[in-house]
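These protein sequence lines map, in sequence, to chains C and A.
Under numbering that gives the first Met the number 0, the first residue of the first sequence carries the number 0, and numbering increases by one thereafter.
Under numbering that gives the first Met the number 0, the first residue of the second sequence carries the number 0, and numbering increases by one thereafter.
Down below is the structure, laid out as structure tokens.
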Amino acid sequence: MTSPKESEKQTRPDKAAFVIALALAGLSALIAWDAAHLSSRVASYSRIGAAAFPYAIAGILAVLAVATALAALRGKFPAREPLEIGPLAWVVGGLVAQIVILPFAGFSIATGLLFALTARGFGGKPLWLSIPAGIVLSFILYILFSKGLQLSLPQGPLERLI
Amino acid sequence: MESFAALLSGLELALQPMNLMYALIGVTLGTAVGVLPGIGPALTVALLLPVTFRLDPAGSLIMFAGIYYGGMYGGSTSSILLNTPGESASMITALEGNKMARAGRGGPALATSAIGSFVAGTIATAALAFVAPLVVEIALSFGPADYFALMVLAFTTVSSAFGGSALRGLTALFIGLALGLIGIDLQTGQARLAFGVPDLLDGVEVTTAAVGMFALGETMYVAALSSRMNETIEPVRGSVWMTAQDWARSWKAWLRGTALGFPIGALPAGGAEIPTFLSYSLEKQLSRHPEEFGHGAIEGVAGPEAANNASAAGTIVPLLTLGLPTTATAAMMLAGFQQYGLNPGPLLFTSNSDLVWGLIASLFVANAMLLVLNLPMIGLWVRMLAIPRPWLYAGILVFATLGTLGANPSQFELAMLAGLGFLGFLMRYFDYPVAPVIIGLILGPLAEQQLRRALAISQGDPAALVESGLSIGIYVICALVLIGPFVMRALSRKKAGEEVPAR
Chain C
0 MTSPKESEKQ TRPDKAAFVI ALALAGLSAL IAWDAAHLSS RVASYSRIGA
50 AAFPYAIAGI LAVLAVATAL AALRGKFPAR EPLEIGPLAW VVGGLVAQIV
100 ILPFAGFSIA TGLLFALTAR GFGGKPLWLS IPAGIVLSFI LYILFSKGLQ
150 LSLPQGPLER LI
Chain A
0 MESFAALLSG LELALQPMNL MYALIGVTLG TAVGVLPGIG PALTVALLLP
50 VTFRLDPAGS LIMFAGIYYG GMYGGSTSSI LLNTPGESAS MITALEGNKM
100 ARAGRGGPAL ATSAIGSFVA GTIATAALAF VAPLVVEIAL SFGPADYFAL
150 MVLAFTTVSS AFGGSALRGL TALFIGLALG LIGIDLQTGQ ARLAFGVPDL
200 LDGVEVTTAA VGMFALGETM YVAALSSRMN ETIEPVRGSV WMTAQDWARS
250 WKAWLRGTAL GFPIGALPAG GAEIPTFLSY SLEKQLSRHP EEFGHGAIEG
300 VAGPEAANNA SAAGTIVPLL TLGLPTTATA AMMLAGFQQY GLNPGPLLFT
350 SNSDLVWGLI ASLFVANAML LVLNLPMIGL WVRMLAIPRP WLYAGILVFA
400 TLGTLGANPS QFELAMLAGL GFLGFLMRYF DYPVAPVIIG LILGPLAEQQ
450 LRRALAISQG DPAALVESGL SIGIYVICAL VLIGPFVMRA LSRKKAGEEV
500 PAR
């Protein structure tokens with residue numbers, strides 16, 4: 000959405016875009032390495048086996064990586080707003096916390112924590128209020144979905160009570 | 000008239016009390032979730048997929064039809080009142096409808112979009128019932144090479160999506176194709192990109208990817224840029240009933256929008272936003288009040304909204320007859336079919352004829368229900384928009400993880416959801432489209448299967464790929480779609496070069 004004049008001005012290389020190009024190149028190499036693994040293990044009876052499609056995708060990803068690097072060099076990436084790390088960290092932290100404690104805390108407690116941390120990231124109520132609220136909400140959802148729809152959600156101390 | 004009889008028996012199935020109830024639940028849930036800001040129909044379907052897990056296929060598909068149309072209705076409500084289009088196809092509605100709402104004409108804007116959606120949806124569903132059997136007859140003669148060509152076309156159009164950057168669109172598509180490689184290769188039984196992790200052998204679930212990238216990615220994006228977004232909900236002022244003048248200005252726009260939307264949607268190529276843009280510029284040219292466009296012209300809501308719904312019905316044609324999803328929402332529908340081991344394609348019309356026609360018939364039912372449900376209950380939906388941001392986004396994440404855990408109660412799946420969510424966030428931040436990832440993920444393995452089948456038949460001779468006239472024609476169109484924008488840019492640069500010396 001930048002007008003031609005603006006894009007003339009910002010012709011300085013875009014570092015983040017270089018990182019994207021590198022990541023794409025890495026993905027391409029990973030797929031090619033995995034595909035090479037395949038063809039060496041199994042004798043291919045026809046010309047197109049399990050490795051052909053991955054090789055094609057890896058090849059095009061490599062081309063896209065080069066094109067992205069060129070675009071980064073010319074500063075062709077759209078302008079971005081600076082990120083606010085604080086709120087983002089709360090949301091990501093909530094997701095990580097849920098994943099980590101899920102196996103022993105069960106669905107309700109883990110998801111309640113996710114609820115509270117996410118709400119905190121968006122500037123919600125204090126945690127001593129939102130954590131219990133989140134756990135109650137998740138517990139109600141657990142009952143609804145496990146009893147009503149027979150979905151088997153991970154159990155913890157709370158879920159074993161019923 | 001064969002399809003008419005089939006449609007009648009489909010209606011019989013759809014009108015059974017139990018199925019009517021499923022449709023009602025579907026449209027209610029679909030509208031309620033679709034109305035939430037930033038949630039488009041694709042995410043609505045993905046989030047609500049777990050609700051349908053334990054139903055029989057017929058009931059689940061009927062609920063699906065309701066969720067699909069309900070999500071579209073809900074999406075237009077939030078677009079008009081909040082200016083937060085959940086997908087590119089409702090951008091125009093957001094643009095013009097939000098202007099109407101600000102000018103105190105939110106009521107008529109909602110009404111013309113609801114009635115227009117009903118009119119367009121009904122006509123387009125009828126057209127779908129008529130066209131689909133014809134496409135099936137043609138599709139039965141398609142070979143694997145033709146299917147592969149069609150899929151390449153869908154890839155090309157989805158990722159280039161006119162106007163956006165082809166480089167970023169293609170990158171998104173190939174990230175999706177790479178994700179699609181993960182898992183056991185069905186023809187040789189070898190694991191690809193699984194790195195010895197048993198959870199990866201089944202591949203990446205399309206629903207996990209869609210929920211992660213759309214719901215988690217969107218939430219992280221909004222969180223990271225939250226202080227810069229000030230959204231205001233426009234109260235619904237003015238009666239929801241349209242005046243005689245509103246009707247007079249709307250009905251032609253509805254019909255023209257339908258006429259644009261259905262055929263474009265029914266093409267096996269992506270881009271749901273194209274008919275809405277076309278309809279907007281057409282209405283602007285035909286209107287007697289062109290000066291109102293951009294300031295809240297009712298035709299500018301009526302036409303694109305009708306086009307949007309008609310094209311949504313249109314995309315069901317390639318989905319059901321060819322198994323080819325051309326929008327992210329259609330990709331979610333395909334995932335819903337696959338969950339019951341049903342493979343959409345020409346054979347589905349003979350093997351599961353009741354189911355297909357029951358689905359088409361319930362699209363009519365859902366449409367009618369939505370008209371009745373929406374206008375009188377608009378106040379309730381507006382209340383959903385007023386949920387405070389912290390609770391709204393926290394709730395969205397709770398539902399997203401609930402759905403994923405409901406489908407597969409494993410820590411690994413949850414970590415994958417979060418990882419894909421972060422990828423979705425990065426892609427949004429760097430202005431990459433997300434929908435091509437989903438299309439690539441679901442369509443990539445199917446495309447590979449057709450390609451290998453075609454080459455197995457020809458004993459490895461790649462010339463077989465361009466043997467039929469159809470496939471040659473399709474590749475020519477693909478080339479035009481990819482090269483066209485470059486040629487245009489080069490031409491316009493040439494013109495500009497006369498004024499500014501080239502660097």
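Built from N, CA and C at the ideal position, the CB exists for glycine as well.
None of the values given here were measured: they were computed from a predicted structure.
Distance CB(residue i)-CB(residue j) smaller than 8 angstroms
i, j, result
"A64 (chain A)", "A258 (chain A)", "no"
"E282 (chain A)", "E298 (chain A)", "yes"
"G405 (chain A)", "P56 (chain A)", "no"
"S137 (chain C)", "G111 (chain C)", "yes"
"I473 (chain A)", "A463 (chain A)", "no"
"G182 (chain A)", "G202 (chain A)", "yes"
"F147 (chain A)", "Q449 (chain A)", "yes"
"I100 (chain C)", "A88 (chain C)", "no"
"L40 (chain A)", "M71 (chain A)", "Rather than Leu, the amino acid found at residue 40 (chain A) in this sequence is Pro. Against a cut-off of 8 angstroms, the Cβ pair of M71 (chain A) and P40 (chain A) comes out as a contact."
"L180 (chain A)", "L169 (chain A)", "no"
"A306 (chain A)", "T275 (chain A)", "yes"
"A399 (chain A)", "V205 (chain A)", "no"
"F261 (chain A)", "A138 (chain A)", "no"
"N18 (chain A)", "S491 (chain A)", "no"
"L215 (chain A)", "G420 (chain A)", "yes"
"P389 (chain A)", "A171 (chain A)", "no"
"L116 (chain C)", "G92 (chain C)", "yes"
"D198 (chain A)", "S409 (chain A)", "yes"
"Y339 (chain A)", "R79 (chain C)", "no"
"L28 (chain A)", "G74 (chain A)", "no"
Under 9 angstroms by beta carbon: chain A residues contacting residue i
i, result
"L157 (chain C)", "Correct list: empty, because the minimum Cβ distance to chain A is about 15 angstroms."
"R79 (chain C)", "Y428, F429, D430"
Proximal residues of chain C, C-beta to C-beta of residue i below 7 angstroms
i, result
"R191 (chain A)", "D33, L37, A49, P53"
"R388 (chain A)", "F121"
"P435 (chain A)", "Under the 7 angstroms cutoff, chain C gives no residues; its nearest Cβ is about 12 angstroms from P435 (chain A)."
"Q244 (chain A)", "Under the 7 angstroms cutoff, chain C gives no residues; its nearest Cβ is about 35 angstroms from Q244 (chain A)."
Distance between beta carbons of residue j and residue i, contact taken as under 8 angstroms
i, j, result
"G48 (chain C)", "T30 (chain A)", "The Cβ separation is near 48 angstroms, so there is no contact."
"A70 (chain C)", "S27 (chain C)", "Not really, about 17 angstroms apart at Cβ, beyond 8 angstroms."
"P156 (chain C)", "F106 (chain C)", "P156 (chain C) to F106 (chain C), Cβ: 11 angstroms. No contact."
"L93 (chain A)", "S78 (chain A)", "First, the residue type needs correcting, since residue 93 (chain A) is Ala and not Leu in the sequence shown. About 4 angstroms separates the two Cβ atoms, so the contact holds."
"G293 (chain A)", "S278 (chain A)", "Actually they are not in contact, since the Cβ atoms of G293 (chain A) and S278 (chain A) sit about 15 angstroms apart, beyond 8 angstroms."
"A64 (chain C)", "A20 (chain C)", "5 angstroms"
"A453 (chain A)", "P143 (chain A)", "4 angstroms"
"P317 (chain A)", "P267 (chain A)", "4 angstroms"
"L442 (chain A)", "L178 (chain A)", "The pair is not a contact, with the Cβ atoms about 12 angstroms apart (cut-off 8 angstroms)."
"L481 (chain A)", "A165 (chain A)", "7 angstroms"
"V34 (chain A)", "Y67 (chain A)", "That pair is no contact at about 15 angstroms."
Per-residue DSSP class, three states only, for residue i
i, result
"I38 (chain A)", "coil"
"F161 (chain A)", "Here F161 (chain A) scores only 47 on pLDDT, less than 50, and its place in the model should not be relied on; the value that follows carries that caveat. If DSSP states are grouped into helix, strand and coil, F161 (chain A) belongs with coil."
"R287 (chain A)", "coil"
"G182 (chain A)", "strand"
"R53 (chain A)", "coil"
"A190 (chain A)", "strand"
"F261 (chain A)", "helix"
"E298 (chain A)", "helix"
"F3 (chain A)", "helix"
"P153 (chain C)", "coil"
"V203 (chain A)", "coil"
"N308 (chain A)", "helix"
"P536 (chain A)", "With chain A covering 0 to 502 only, the question about residue 536 (chain A) has no answer from this structure."
"G65 (chain A)", "helix"
"F511 (chain A)", "Not covered by the structure: residue 511 (chain A). The range shown for chain A is 0 to 502."
"I174 (chain A)", "helix"
Cross-chain neighbours of residue i in chain A, by beta carbon under 7 angstroms
i, result
"L128 (chain C)", "Here the premise fails: no neighbours, minimum Cβ distance about 11 angstroms."
"L101 (chain C)", "Q410, L413"
"I19 (chain C)", "F429"
"A66 (chain C)", "L166"
Contact with chain E by residue i, beta-carbon distance below 8 angstroms
i, result
"A96 (chain C)", "Absent from the structure: chain E. Protein chains present are C and A."
In chain order, each beta strand (DSSP E) run of at least 3 residues that lies wholly inside the segment 419 to 462 of chain A | none
With a floor of 4 residues, list each alpha helix (DSSP H) that falls wholly inside the segment 37 to 103 of chain C, ordered by position along the chain.
-> 51 to 72
What alpha helix (DSSP H) runs, 4 residues minimum, are completely inside the segment 91 to 153 of chain A?
-> 97 to 101, 105 to 138
Minimum length 4: unbroken alpha helix (DSSP H) runs contained in the segment 352 to 401 of chain A = 352 to 373, 377 to 384
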